[in-house]
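Chains as they are written, first to last, in this note's numbering: chain A, 561 to 1153; chain B, 561 to 1153.
Here the structure comes first, spelled out in structure tokens, and everything after it is commentary.
Number of protein chains: 2
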Amino acid sequence: MESRATSYELIEVAQGSRPADLYIKGGTVINVYSGEFMKQNVAVYRDRIAYVGGSEAAIGDQTQVIDANGKYISPGFIEPHAHPWVIYNPVSFAVKVLSLGTTTIVNDNLFFYLHMEVEGFAKMVRDLQVLPINHLWLARIVSQADYVGERDYFAPEQVQRLLELEQVAGTAEVTRWPLLYNGDPFAIQTVEYAKRLGKVVDGHTAGCSYEKLNAIVAAGVSACHEAITAQESLDRLRLGMWTTLRNSSLRPDFPEVVKLITEANIQTQRILMTTDGPHPAYIEEEGCVDGLVRKAVELGVAPMQAIQMATINPATYLRLDDQIGGIAPGRRADLLVLPDLVDFRPELVICGGRVVAEHGNLLVTPPSIDWSQYLAGPAFSIQKSFLQDPDLYRYPHTSPDEPVPVIHFRSTVITQPKSIHLPVRDGFADISQQPGLLLACLIDRHGRWVARGLLENFATTLDGMASTYNTTTHPLVIGRDPVSMAIAAARVHELGGGVAVVDRGEVVLEIPLPLTGMMTTDTSFATAVEYQRQLLSALQERGYPYHDILYTLLFLTCDFLPGLRLIPLGLYDVKANRVIQPAVQMERERVRR
Amino acid sequence: MESRATSYELIEVAQGSRPADLYIKGGTVINVYSGEFMKQNVAVYRDRIAYVGGSEAAIGDQTQVIDANGKYISPGFIEPHAHPWVIYNPVSFAVKVLSLGTTTIVNDNLFFYLHMEVEGFAKMVRDLQVLPINHLWLARIVSQADYVGERDYFAPEQVQRLLELEQVAGTAEVTRWPLLYNGDPFAIQTVEYAKRLGKVVDGHTAGCSYEKLNAIVAAGVSACHEAITAQESLDRLRLGMWTTLRNSSLRPDFPEVVKLITEANIQTQRILMTTDGPHPAYIEEEGCVDGLVRKAVELGVAPMQAIQMATINPATYLRLDDQIGGIAPGRRADLLVLPDLVDFRPELVICGGRVVAEHGNLLVTPPSIDWSQYLAGPAFSIQKSFLQDPDLYRYPHTSPDEPVPVIHFRSTVITQPKSIHLPVRDGFADISQQPGLLLACLIDRHGRWVARGLLENFATTLDGMASTYNTTTHPLVIGRDPVSMAIAAARVHELGGGVAVVDRGEVVLEIPLPLTGMMTTDTSFATAVEYQRQLLSALQERGYPYHDILYTLLFLTCDFLPGLRLIPLGLYDVKANRVIQPAVQMERERVRR
Chain A
561 MESRATSYEL IEVAQGSRPA DLYIKGGTVI NVYSGEFMKQ NVAVYRDRIA
611 YVGGSEAAIG DQTQVIDANG KYISPGFIEP HAHPWVIYNP VSFAVKVLSL
661 GTTTIVNDNL FFYLHMEVEG FAKMVRDLQV LPINHLWLAR IVSQADYVGE
711 RDYFAPEQVQ RLLELEQVAG TAEVTRWPLL YNGDPFAIQT VEYAKRLGKV
761 VDGHTAGCSY EKLNAIVAAG VSACHEAITA QESLDRLRLG MWTTLRNSSL
811 RPDFPEVVKL ITEANIQTQR ILMTTDGPHP AYIEEEGCVD GLVRKAVELG
861 VAPMQAIQMA TINPATYLRL DDQIGGIAPG RRADLLVLPD LVDFRPELVI
911 CGGRVVAEHG NLLVTPPSID WSQYLAGPAF SIQKSFLQDP DLYRYPHTSP
961 DEPVPVIHFR STVITQPKSI HLPVRDGFAD ISQQPGLLLA CLIDRHGRWV
1011 ARGLLENFAT TLDGMASTYN TTTHPLVIGR DPVSMAIAAA RVHELGGGVA
1061 VVDRGEVVLE IPLPLTGMMT TDTSFATAVE YQRQLLSALQ ERGYPYHDIL
1111 YTLLFLTCDF LPGLRLIPLG LYDVKANRVI QPAVQMERER VRR
Chain B
561 MESRATSYEL IEVAQGSRPA DLYIKGGTVI NVYSGEFMKQ NVAVYRDRIA
611 YVGGSEAAIG DQTQVIDANG KYISPGFIEP HAHPWVIYNP VSFAVKVLSL
661 GTTTIVNDNL FFYLHMEVEG FAKMVRDLQV LPINHLWLAR IVSQADYVGE
711 RDYFAPEQVQ RLLELEQVAG TAEVTRWPLL YNGDPFAIQT VEYAKRLGKV
761 VDGHTAGCSY EKLNAIVAAG VSACHEAITA QESLDRLRLG MWTTLRNSSL
811 RPDFPEVVKL ITEANIQTQR ILMTTDGPHP AYIEEEGCVD GLVRKAVELG
861 VAPMQAIQMA TINPATYLRL DDQIGGIAPG RRADLLVLPD LVDFRPELVI
911 CGGRVVAEHG NLLVTPPSID WSQYLAGPAF SIQKSFLQDP DLYRYPHTSP
961 DEPVPVIHFR STVITQPKSI HLPVRDGFAD ISQQPGLLLA CLIDRHGRWV
1011 ARGLLENFAT TLDGMASTYN TTTHPLVIGR DPVSMAIAAA RVHELGGGVA
1061 VVDRGEVVLE IPLPLTGMMT TDTSFATAVE YQRQLLSALQ ERGYPYHDIL
1111 YTLLFLTCDF LPGLRLIPLG LYDVKANRVI QPAVQMERER VRR
């Protein structure tokens, strides 16, 4: 954590009567306020910019002078909508994107809050101030799914305590936007509370029509990043929302949505950009906000506008434009030295006044965090033996004439309901003769229920795998061999969360994700990339036909994307809003056996 | 005060399941978010906009439908920097500018606070919520002058209480910006407090160089309206300040500063506009923010940009863009129906959902306010008889060889020091043979001191006048005849503040200004215009050579404009920062006599 400059010190440096710590000389400052490129020097004192102009009075004996001749000096980039839990964790994500020029990240708190509750989350947020990046959070006001005991977890007084935290900039996306559309008092009141605190209200209105958006905006939502066409972006912009263009691993929508600027020629001051939680390899290959700027410019957006969309626009949206997003006195010294306006790969990244990266290499040591201290309880309250019973991994079935519902995958995350006839063996469905079918079991880590469903077009020769990497963070066990499935589940239990793949009773891949079952505890981003690649090739070798196994697993258990889903309530038809095969309550099942 | 719509109600109106109160149909909506002109309808419920689009589902039996065919629908205009004390008062100013389309005003609190202190001011602000306009305030953190017992009046805990008021949007201009430049702890800490509350820090950096501006911005100032050239505006914009272009009665600077846009072609999203407290006749003739938009467009600014500078830009600066400044659901229903984009004279003004003016005529009755309830004490704590002694109005002088300092007027508000030799009569300067000279006495209304000076080029045949309309609100008595001066001062005492002009012992003009000595208590703006005209012609008839007697009087007693000034400490040379003729302490003077 950088030491904070006082106003008095900054004034003196601006006056030239106190030497600067850093002085960047000879570069072209990207002035996002006026939209100009200007030959100017920048003086930095502790964590702040103190002076921008031609004077060299603040250069003292101890001042580190950086020669930026022929280079551009840009404000650090801002990611206004991050999900720092895609195998990577808040630390490994932060240091990776920092090395690429993203100096402020605004993190979704979902899984942290679900596993840490108010006290643990507040403590983590405070402790993470040691990170060499500017770190803000958005707090969910409802869960992604409405079956997690939401009214307990997300009681108004709990969420209000989160919103009051200094590092919490506002409310996080409400994925289940119909709650707002239908005037859910709980959601509405929390939004109103956030607004009273002067905080932002991040939206998520995927697929919402212009007409319906009116009601969502009336409910107080101030931004949305879910537009997938230029027209949807325009709808949001016109209705007063800060409109976030997304280019993520799951939704690489830029070529379409950027037409809002390149073809519709619309004013950009209320347009932002986000990577929206991409998988690790995507960041490794495409970058973070640097990649958004690069891609936008490649698609025809003027460099100044693209940089504004990554700096002053999100800063203004966040009501922090006096702190971040531009190069002016008093602002955080979050600065990039860029060799060109094509690649936007910073030669030097300065964050909070420290030179933190050079040519993409981190120069600071990421803090090692003991994550377990924040967790409200153990990963599993069931015993490992509970998961070792192969009978858990069979689909109860009594008559071959009764059709069985199947989750049929149409793409990485989209499924559709199907039903088929299956033979019966010992009271269970026999899938041994159906090479395209697998059994999936979502098992409560507190041992209260198990939800079962059959998958088609997910993989073929998968004996067993288990993964807490899904929206519920309960173990999701998938496969064709109950014994291998039991071994995979037991291994994930031993890991305290994570993924295991089992072939004929042998563990062939394991990925420990003890942080909420979603994240490594490793500070190395490369580890996350490696895990993702291992998992993807393991699954592709076993017949997985898509390219993003992480999002396939993540959303198989969600209740907000169309199709059939496996959720804690059972096998769920999202469109019909109906549980077509309820989860089995374990006490009953045990008694039955 | 309009009744506030709930989010639930707005959602229903947006959905078309609850009828709107107002429905504006067939107009062209000025969309300041996207920068487009769009054929759309607008539905209003209670004080808020509920829907913008093509659907007519919200039209019910009781809905008032306004036909806006062929007209433009604009967001109401915002005046981000008002001084509602120029003879007019907060009520008469508000209703006047409201009828012209300004639906939000951000008022400076200076004289109110000085005369009302925290309790009175807070009560007034609360009570003024009855006004049919959106009413915000900025709170001074130091006085305009540093001799008013500032450290008592402006103690940090007092100012902090003001800043915490919901209706206070931030700190008001710090006219004495060198305080910030020199790192005055008191000013710095208050600025920091305001920023911690998420409020804005309005600046005033007249004449401040680009280099010095660096230090002011480092101190936390977020805006300035004092640029008088395009270059000065650009300096401010580049350093991250929200840059306010001014066109006031005192400084009609638009033709110069607007070149920032029309010639330098700079991006306008952080540019605002202000009238900065013009005299009443100016508003009568030139309008308020409507006049700024009109003038900007006349000078070549695109209508969309000009309107944005009067709506969404100040709203965003104030961090209220989710409440005001644009036409979108959930925002205050502050809407103008404009016949064209040339005159910007609204045919209809809707404020907080009420139709408040039509063709410039107010349709609502302004509230009658008992202003005396807010004042912390009586206008004068001295007796009238105290002011009736003609000897008070003589300039002590002992030797004709000693030069006497003179305040020589060079323009409406600019003076320069001069010194002349004068004959002595009975221990006083004899000015009877100097037709260009007048005596001025600034008398403490608590009777502790009197400051005296001689004026040149102010007026010629003025026997006596008295005015509490000046930056100190103490009676300023000017003339060539001590008896007429005493009568004028006594009359102002009887009025409880105001202006009186006396010819040969006869009161020929009187203007009661019992509200802090600066303002009428009248709700009629026309009264203020009439008073101003009467005063100007009375003075011009007596040789006053300029056009703005209000600002001449106002700033004669200030200590922040160059030249010689008459301030409570005495005759003061601003540039030299030196009292060249101290005020006489009255106890001593009375003893001496």
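Ideal Cβ placement from N, Cα and C applies to all residues, glycine included.
| Item | Value |
| --- | --- |
| Residue-chain proximity (A/Ala870, chain B), Cβ-Cβ < 9 Å | no |
| Nearest-angstrom Cα separation, counted from A/Val589 out to A/Gly630 | 11 Å |
| Cβ of B/Arg891 within 9 Å of any chain A Cβ | yes |
| Spatial distance of A/Ala939 from A/Asp949 (CA atoms) | 19 Å |
| Rounded separation between B/Leu723 and A/Gly860 - CA only | 45 Å |
| Which of helix, strand or coil DSSP assigns to A/Glu569 | helix |
| Boundaries (first-last residue) of the beta strand (DSSP E) holding B/Gly1058 | Gly1058 to Asp1063 |
| Classification of A/Ala693 by the beta-carbon crowding that lies within 10 angstroms, buried from 16 upward | Ala is not the amino acid found at residue 693 of chain A; the sequence shown has Ile there. That one is buried. |
| Between the CA atoms of B/Arg700 and B/Asp744 - distance to the nearest angstrom | 15 Å |
| Local conformation of A/Gly804 per DSSP, three classes | The question names Gly, but residue 804 of chain A in the sequence shown is Thr. In the structure shown, A/Thr804 sits in a strand (DSSP, three-state: E or B). |
| CB of B/Leu739 within 9 Å of CB of B/Ala747, strictly | yes |
| Contacts of B/Leu570 in chain A (Cβ-Cβ under 7 Å) | Ala778 |
| Proximal residues, the segment 814-832 of chain B versus chain A, C-beta separation under 8 Å | Ile826, Gln827, Gln829 and Arg830 |
| Paired residues, beta bridge with B/Ala1000 - DSSP | B/Gly1013 and B/Ile1038 |
| Secondary structure of B/Pro838, DSSP reduced to three states | coil |
| Proximity below 9 Å, CB of B/Leu1114 to CB of B/Pro1035 | no |
| Beta-carbon gap between B/Ala698 and B/Leu922 smaller than 9 Å | Note on identity: in this sequence residue 698 of chain B is Leu, with Ala being the wrong assignment. It is not a contact, given that the beta carbons lie outside the stated cut-off. |
| Short Cβ contact (9 Å threshold) for A/Asp894 with A/Ile910 | yes |
| Where the beta strand (DSSP E) containing A/Lys978 begins and where it ends | Thr975 to Ile980 |
| Any chain B beta carbon closer than 9 Å to A/Val879 | Strictly speaking, residue 879 of chain A in this sequence is Arg, with Val absent from that position. Judged by the 9 Å Cβ criterion, A/Arg879 is in contact with chain B. |
| Alpha-carbon to alpha-carbon, A/Thr804 and B/Ile1071 | 57 Å |
| Of the listed residues A/Val1059, A/Pro927, A/Ile1038 and A/Glu639, nearest to A/Leu1002 (C-alpha basis) | A/Ile1038 |
| Boundaries (first-last residue) of the alpha helix (DSSP H) holding B/Ala824 | Looking at the DSSP string, B/Ala824 is not in any alpha helix (DSSP H), and its letter there is neither H nor E. |
| Inter-stretch contact at 8 Å, needing at least 3 Cβ pairs: the segment 916-935 of chain B / the segment 681-696 of chain B | yes |
| Nearest to B/Val1052 (by Cα), restricted to the options B/Val966, B/Leu810, B/Thr1033 and B/His919 | B/Thr1033 |
| Stretch pair the segment 572-592 of chain A + the segment 628-642 of chain A: three plus CB contacts closer than 8 Å | yes |
| Minimum Cβ-Cβ distance from B/Arg564 to chain A less than 9 Å | no |
| Cβ pair A/Ile967, A/Glu1016 closer than 9 Å | yes |
| Contact under 9 Å by Cβ, A/Val1139 with A/Arg1012 | no |
| Environment of A/Arg1153 [buried if 16+ CB atoms lie within 10 Å] | Residue confidence for A/Arg1153 is low, a pLDDT of 48 falling below 50, so the modelled location carries little weight; the figure read from the coordinates is stated next. It is exposed - the Cβ of A/Arg1153 has fewer than 16 other Cβ atoms within 10 Å. |
| Environment of A/Pro983 [buried if 16+ CB atoms lie within 10 Å] | exposed |
| Contact under 9 Å by Cβ, A/Ala866 with A/Val853 | yes |
| Where B/Arg1153 falls: helix, strand or coil (DSSP) | Unreliable placement is indicated for B/Arg1153, whose pLDDT of 48 sits below 50; the coordinate value is still reported in the next sentence. Here B/Arg1153 sits in coil by DSSP. |
| C-alpha gap between A/Gln1141 and A/Ile821, whole angstroms | 47 Å |
| Closer than 9 Å to chain C by CB, A/Thr876 | Reference to chain C is not applicable here, since the protein chains of this structure are A and B. |
| Cβ of B/Tyr593 within 9 Å of any chain A Cβ | yes |
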